[in-house]
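Some notes on the structure that comes next.
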Amino acid sequence: MLEIKKWSEIKDRFRDGLILGNGASIAIHDGFGYESLYREAQQRKFLDETAISVFKAFGQDQYDFELVLRRLWYARQVNEALGLSGNAVEKVDEAYQAIRKALIETVRDTHVGYEDASQYFDPIAKFVQGFRTVLSLNYDLVLYWALMYGNNVKLGKYRDCFRYDTSGRLVLDSDWEKYREDGGTTLCFYPHGNLVLGRTVADDELKVKAGGSNLLETVFEKWQAGDVLPVFVCEGTSEQKQRSINGSSYLRQVQSKAFDEIRESIVIYGWRMGPQEQHIFEQILAAKPKALAISVRGDNQETVRRANELFSEKIESLVFFDANSPGAWAKSDGSTERQQAEWKTDLKGILAKLRGQR
6 MLEIKKWSEI KDRFRDGLIL GNGASIAIHD GFGYESLYRE AQQRKFLDET AISVFKAFGQ
66 DQYDFELVLR RLWYARQVNE ALGLSGNAVE KVDEAYQAIR KALIETVRDT HVGYEDASQY
126 FDPIAKFVQG FRTVLSLNYD LVLYWALMYG NNVKLGKYRD CFRYDTSGRL VLDSDWEKYR
186 EDGGTTLCFY PHGNLVLGRT VADDELKVKA GGSNLLETVF EKWQAGDVLP VFVCEGTSEQ
246 KQRSINGSSY LRQVQSKAFD EIRESIVIYG WRMGPQEQHI FEQILAAKPK ALAISVRGDN
306 QETVRRANEL FSEKIESLVF FDANSPGAWA KSDGSTERQQ AEWKTDLKGI LAKLRGQR
């Protein structure tokens, strides 16, 4: 019979790499539980006939907002550069605005708010702090918010390797190792992109700047103003995702370098390991890990079957752990609660002494 471990039983053996899938986001907010951002936009009636016709024009499988917006954006820039006008130019502009609006409305409707997510920042930051390298396949801001919180309250050191350039923009620093020099730093990357990343009209890629609770609306404002395009891959087959990755400087660098950072032991949390993620599976095996721990919710035999199919003959040690066990991802390990209880006990003692001195 398969043994499902508690996270506390195996965590000391797994300190190198962490890969986060959509299940990590769903654990925070049910609204992330959709199969497709495009279909979600359709169901919520955010895509008008113009927008739908544009997606179809790119092919039945091209339902990637980022890809379609990028192509329309380039078309707009060409039209402006050549001084073109007329009905065809107007249609390109209308299509771009319609799809951009649909993306903003869909993400706004499905994304968790900062205040609602904040109750999970402490356990997430503590969980992530235990790893050398974190790769999140999710485009939402939950992990980013939790890392900002962790840095602010000094739970650990978390870096995404962005630095300010001479223009005051946050751009990816290609020299990652210097961020590890002080020891104990967790480096975090987004192999499929993230809402916090943007592409400018000059094709430069940067990180959007804003305070924690204001970041999501700042991202929407940047999109709405046409300052940046989103950089995240959320649809398509593995081959289609790979083409989108190849079209991004950030995503190419993360794919070529970050997976080499995950080393000998890897934890997978909330990743379904579907066939559309074949490129991720290949990157994991290329890193040649010796041990792999995979989260399981309840008695999820499909996760176990898929993991064994992919990894059992290729990795020395394959273990499964309960996704809901204390200390795993957003589940508190109880340390904060114990500390708060101790503070309350100490406070009661101090108050009792003060009353006795009166």
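Under this note's numbering, residues 6 to 363 are what the sequence shown spells out, in order. A virtual CB, placed ideally from N, CA and C, is assigned to each residue, including glycine.
* **Inter-residue CB distance, Gly203 and Pro235 (contact presumed, cutoff 8 Å)** => 7 Å
* Who are the near neighbours of Phe19 in its chain, counting only those whose CB is closer than 6 Å to its CB and skipping five residues on each side? -> Ser270, Val272, Ala298
* Which residues in the same chain have their Cβ closer than 6 Å to the Cβ of Ser322, if we skip the five residues on either side of it in sequence? -> These residues qualify, in order along the chain: Ala296.
* Asked: DSSP state of Asp145, grouped into three classes?
  -> coil
* Do you know how far the Cα of Thr205 is from the Cα of Ala346? -> With a pLDDT of only 46 at Ala346, under 50, the local geometry of the prediction cannot be trusted, and the value read off the model is given with reservation. Rounded to whole angstroms, Ala346 to Thr205 spans 49 Å at the Cα level.
* Same chain, Cβ closer than 8 Å to Ile31, five either side skipped, listed in chain order -> Phe37, Gly38, Gly275
* Asked: Which full runs of the alpha helix (DSSP H) of 4+ residues lie inside the region 241-311, going along the chain?
  -> 243-251, 254-262, 283-291
* To do: Pick out whichever of Gly173, Ser172, Val158, Gly198 has its Cα sitting closest to the Cα of Asp165.
  => Gly198
* DSSP on Tyr68, reduced to helix/strand/coil? -> coil
* Flag this pair as yes or no: are the beta carbons of Phe70 and Leu23 separated by less than 8 Å? => Cβ distance not < 8 Å, so Phe70 and Leu23 don't count as in contact.
* So does the region 42-58 actually touch the region 153-162, counting three or more Cβ pairs closer than 8 Å? -> no
* Determine the extent of the alpha helix (DSSP H) in which Lys162 is found, giving its start and end residues. => No alpha helix (DSSP H) contains Lys162, which is instead part of the beta strand (DSSP E) from 162-164.
* Quick one: is Lys61 buried, meaning 16 or more other Cβ sit within 10 Å of its Cβ, or exposed? -> exposed
* To do: Could you have a look at Tyr195 and say whether DSSP puts it in helix, strand or coil?
  => Coil, per DSSP.
* To do: In the DSSP assignment, find the unbroken alpha helix (DSSP H) run with Asp114 in it and report its ends.
  => 92-115
* Asked: Per the contact definition of three or more C-beta pairs closer than 8 Å, is the region 49-57 in contact with the region 106-122?
  -> yes
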